[in-house]
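J.: I have a structure I would like to understand better, so I am pasting it below and will then ask my questions one at a time.
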Amino acid sequence: MSRSPIHSGHRRSDDPEHRAARRPTARLIAAGAALALLLGAAACSSGGTGNAGTSGTAGNANNAGSTSASGQSGQGTSGRSDSGSSTATNTVIPDQPVGNATLTIYSGQHEALVQALTAAFTKATGIKTTIRAGEDAELANQIIEEGAASPADLYLSEEPGPVGLLDSKGLLAKVDPATLQEADQRLVPSTGDWLPYAARSRALFYDPKLISEADLPHSIMDLTQPQWKGKFAYAPSGAFTATVSYLIDTIGSDKTLDWLKGIKANGINEQTNGKVRDSVEAGQHAFGLSNHYYWYILAAQKGGADKLASRVYFFDHPDAGGLLLASGAGVIKASKHQAEAQEFLKWLGSADGGQQVIAGAQAAQFPVAPGVVSKTPGMPSLADLKAPNVDSSIYADTTEAQALIIKAGMS
Amino acid sequence: MSEATESPLAEALYEPQPRGTRRAPRSGRHGRAPRLVLLAAGVVAVASLAPAAYLVLREGFSIGLLWRALDSPSTPELLWHTAALVLTVGAASMLLGVGLAVLVVRTSLPAPRLWIVLFTMPLAVPGFVSAYTWVAASFRYAPSSTAIFGLGGSTLVMSLGLFPYVFLPTVAALRGVDAAQEEVSRGLGRSELRTFLTVTLPQLRVAISAGSLIVVLHVVSEFGALQLLNYSTLTTAIMQRMQVLGSPESARALAVVLVGGAALLLLVEKIARGRQAPARVGRGVLRAPVRWGLGRARWLWALACAAVSLLALGVPLYIAIVGLADGLSGAGAAGADAALDGQVGIDWAALGSAALSTLELALAAGVVATVVGLPISWLYARHPGRFATIAERSVWLAHALPGVIVALALVYLGVRWFRPVYQTPLMLVAAYVVLFLPLAVASQHVGLRAAGRRLDEAAHSLGYGRLRVLVRVTLPLALPGVAAGALFVLLDSAKELTTTLLLIPTGMTTLSTALWSTTNGEVLDFTAAAPYGIALILIGVLPAYLLARRTVRLTA
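Structure below.
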């Protein structure tokens, strides 16, 4: 049996009435399409002005939209006075001449921190910025897909992996060597194509009711042993991938794969570092592998470390579980605002510029300029950490790490 | 007019068969479709397939890569997990959707209209918000319990959010069932139950099957909720490879596997839907169906209905309101400036502008999807055949893909060939349309079928041209179905997060992206996020209410 309308319709194609009748429908469709475009366009224009403003004022509008977030973390003083001053960023004319460029920053970093950084940068230099916030690696992928046409001037990562990925694809411009000089040299990648501007340490969160600090594993390498089965949580996050890259670099692929399989067998996959923290805090696991700042954020939210059931532990010797991971900033090669973008990096890395914001900001990450110390209560200084010595550029190519993580059945 | 008024207009998926015929008339009797409609439908279908095509046509894809994706040790587990969740959520949604529909339409349950509204409202709650609140509630009130995580918890949370997609069309279809047939069955000695199973249920097949398809495709493409609930599926693995591992090649290879699975689901549903409608001779008059008396037990059943609503709506709302209260009271507390990334008090300006953009984008998506969907649904309703079927099935495929794949496909295409609209709201609206077009097409199809081709013919014979028939006769009659489609698209667009993050114009925020950034994507803290979550739910309430109201009218 024939179901095709086209086939059966042929017989009638010569019917003049039908041919004539076709035209009005055609017109209707065209009208419909035009209407759709019109409505779409109308929605666009109003949507655009309602929020980001026109491109000329995008930076300001964006800052204004984020006043309270950037206000609170402004310069690390009390929330109240800050929110006043950052409301003013919208209207106050900076001392320095205003640059014409608006820097478009793609950022995988926690949004409140980036907003605090850009607000302070605009205040200091007069150069406007606009932020595109998203997931770390996803934004890196977006820049890759955009290629030479990318509207991004700068990319700010959370983890060294994604910024390293852009570097390995040749999408980043060289960073001014003087800027790189300002940072903790342990974190500077050998390629010199991106600037470490903040750092996070891998750490353990543990529940003292379930395990004492002395009983914690000596190394995360021990976690594959049977006594740790079902005791700990982990998350196959970007930082975890970095850990795998580090292990491949130090003990080789085969042993790393064995370790991953052991972790998969013994640990509980909590999917994200935040959930590792929350589940340990809820008493579901004795301890978990995560990034240090999650715990400090929670401590601040709850009104102090003493209000938490869990504790944070930094390894007291160079261990894979205590890796120090840099958040990186790079200038996109295709950017038309190279000078301003380099200016941003210079400010971001300087001890009295961006590093102060990171030290004061409540995102609880480590500033990386020597001598600048985080004001987050209880946080050790970067110099005190016994992290392994690693060239950050080993995190760039995550192909093998991904392959092993997938092979171990974690993704 | 009777054809229009008695059909389940608002209900997306129920396809009433034309009265007195065994099957839909073939196109032969009505000439072939206008070429422009064919062209438009073809263009829309191709556009809908673009994301899937991107997966295999983009450089970097190879059969070897696909093979490695299939051969990877985690793939069987991911496939199994996905299939298991599809089955459990599909079954639970069917059970809830059909069971509640029967309860509301065919029994003496008190306040049926109220329940219809309440059972529609879960559509207003985004999946990741409800998962988030369930996990927060679990950590808050049962810190040591892990019951909410894994297959069980995921089934619970997702079914509670998705069952309305089955419930609404089933209510409408139940209403359309001819009471006379049931009477005959009972008159011939069949029991109530047997009558229901053998006479009534088969007539609900199309509604249940199509509703379940929407549910299942939502399950297949869900990410945020499942990540929070610790359940990994193909989509969560794709997202993790894309977002965290930075391994787009392996993510795309896995997505190809997902597309294959989705195509299989579409085929299965097409078969389950069946070709032939139950025979019915004579026009009959629709009467209020017999309602089964529940006796005193009706209060128990009402209690059960209340429990479902409480779980589906109460938990998200309660946690959001507790979070809001915490956030507001934090303003006066001594440790206020301790709330790190959060903000104390509500930033009304930011909230307002995010709500406005959400509304504008979702409205635009609803309107555009309606216009773009019409050629396909019109073709499918008026000129069914192979081309129409392929075009209709094509628009469903993108619905199964994770948002990130659709988004990156559009980034790739946009940057290369549509540079002027890249990162403009137009691009985002286009993404919403690609993602949610099937919801519009399915509803429109119902509306167009309900409008009845005989009225078209009558108008033709009275001298109307084709355009006038469409504008003066068909569209007005199909309007409720068309409008319902727009509402479904609007609802899903407002809730969308993954694609929005990648395609939104730089500097713009919607409620879902604001929700995402206040919670840093993963940190469980609903104090800063609560206003956005509540606003998002409130924005969804109106369209959900409009959908419910239509159904209420039908059952009145």
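Chain order of the listed sequences is E and X. Per this note's numbering, residue 28 is the first one in the first sequence, and the count goes up by one each step. Per this note's numbering, residue 13 is the first one in the second sequence, and the count goes up by one each step. Backbone N, C-alpha and C fix where the C-beta goes; we use that ideal spot for every residue, glycine too. Remember, predicted model here, so these are calculated numbers, not experimental data.
1. Any beta-carbon of chain E closer than 8 Å to the one on X:M8?
2. Closer than 7 Å by beta-carbon distance: list the chain E residues that pair up with X:L502, in chain order.
3. One question on the structure: do E:V395 and E:L409 come within less than 8 Å of each other, judged by their Cβ atoms?
4. Since X:A452 meets chain E, which of its residues come closer than 9 Å, beta carbon to beta carbon?
5. Could you check the C-alpha separation between E:M248 and E:K288 for me, to the nearest Å?
6. Taking C-beta to C-beta, are E:A327 and E:T299 nearer than 8 Å?
7. Counting only Cβ pairs nearer than 7 Å, list the residues of chain E close to X:L514.
8. List the residues of chain E whose Cβ lies closer than 9 Å to the Cβ of X:L257, in chain order.
9. For chain E, is any of its Cβ atoms less than 8 Å away from the one on X:E89?
10. Determine, using beta carbons only, whether X:P37 comes closer than 8 Å to chain E.
11. Do the CB positions of X:L180 and X:P134 come within less than 8 Å of each other?
12. Considering only residues of the region 313-396 of chain E, which uninterrupted alpha helix (DSSP H) runs meet the minimum length of 4 residues and lie entirely inside it, listed in chain order?
13. Residues of chain X with a CB under 8 Å from the CB of E:Q311: which are they?
14. Taking all protein chains shown into account, decide if E:P187 is buried (16 or more other Cβ within 10 angstroms of its Cβ) or exposed.
15. Starting from E:A205, follow the beta strand (DSSP E) in both directions and report where the run begins and ends.
16. With distance defined between alpha-carbon atoms, name the residue in X:V141, X:A192, X:Y177 and X:T512 nearest to X:I417.
17. Near X:Y11, what residues of its chain come up, given a Cβ to Cβ distance below 6 Å and the 5 sequence neighbours on each side ignored?
18. For X:A362, count neighbouring C-beta atoms within 10 Å of its own C-beta (all shown protein chains included) and say buried if the count is 16 or more, exposed if not.
19. Give every residue of the same chain whose Cβ lies closer than 8 Å to the Cβ of E:W374, excluding the five residues on either side of it in the sequence, and list them in chain order.
20. Can you give the beta carbon distance from E:Y340 to E:A391, rounded, assuming they're within the 8 Å contact cut?
21. Run through chain X and tell me which residues come within less than 8 Å of E:E172, C-beta to C-beta.
22. Spatial neighbours of X:L82 within its chain, please: C-beta separation below 7 Å, excluding the five flanking residues on both sides.
23. What's the gap between the Cα of E:T277 and the Cα of E:K291?
24. So, is the C-beta of E:P178 closer than 8 Å to a C-beta in chain X?
25. Is E:T131 helix, strand or coil by DSSP?
26. Are there 16 or more other CB atoms within 10 angstroms of the CB of E:G294, so buried, or fewer, so exposed?
27. On the DSSP bridge list, what partners appear for E:S228?
28. If you follow the beta strand (DSSP E) that E:F259 is part of, which residue opens it and which one closes it?
29. Note down, in chain order, each residue of its chain lying with its Cβ closer than 7 Å to the Cβ of E:I432, except the 5 sequence neighbours on either side.
30. For E:G191 versus E:P216, is the C-beta distance shorter than 8 Å?
31. How far does the beta strand (DSSP E) with E:R159 in it reach, from first residue to last?
32. Kindly list the residues whose CB is nearer than 8 Å to the CB of X:I402, restricted to its own chain and excluding five residues on each side of it in sequence; keep chain order.
33. Opposite E:N416 in the DSSP bridges: which residues?
34. What's the gap between the Cα of X:A249 and the Cα of X:L168?
35. Would you kindly work out how many angstroms separate the C-alpha atoms of X:R478 and X:A470, rounded to a whole number?
36. Who are the neighbours of E:E297 on chain X, taking C-beta pairs under 8 Å?
T.: A quick look at the data gives this:
1. Residue 8 of chain X lies beyond the stretch modelled for chain X, which goes from 13 to 568, so this question has no answer here.
2. Scanning chain E for C-beta atoms nearer than 7 Å to the C-beta of X:L502 yields nothing, as the closest lies near 12 Å away.
3. yes
4. Those within 9 Å of X:A452 in chain E number zero; the least Cβ separation is about 12 Å.
5. The alpha-carbon atoms of E:M248 and E:K288 are separated by roughly 12 Å.
6. no
7. G161, E165 and Q169
8. A164, G188, P263, G265, T268, T425, A428, Q429, I432, I433 and S438
9. Chain E, which has a Cβ nearer than 8 Å to the Cβ of X:E89, makes this yes.
10. Legend: pLDDT at X:P37 = 44, less than 50; position of this residue unreliable, value from coordinates given subsequently. No, X:P37 does not count as interfacial toward chain E.
11. no
12. 319-329, 365-376 and 381-387
13. P155, S156 and T158
14. buried
15. No beta strand (DSSP E) contains E:A205, which is instead part of the alpha helix (DSSP H) from P204 to Q208.
16. X:T512
17. Look at the range of chain X in this structure, 13 to 568, and you will see that residue 11 of chain X is not part of it.
18. buried
19. F148, A151, T152, G380 and G381
20. No, E:Y340 and E:A391 are not in contact; Cβ-Cβ is about 16 Å, not under 8 Å.
21. L420, V423, Y424 and V427
22. V269
23. Across the structure, E:T277 and E:K291 are spaced so that their CA atoms are roughly 20 Å apart.
24. yes
25. strand
26. buried
27. E:L351
28. F259 to Y261
29. P263, T268, V271, L287 and S438
30. yes
31. K155 to A160
32. A57
33. Residue pairing for E:N416: DSSP places it in no beta bridge.
34. 21 Å
35. 12 Å
36. N242
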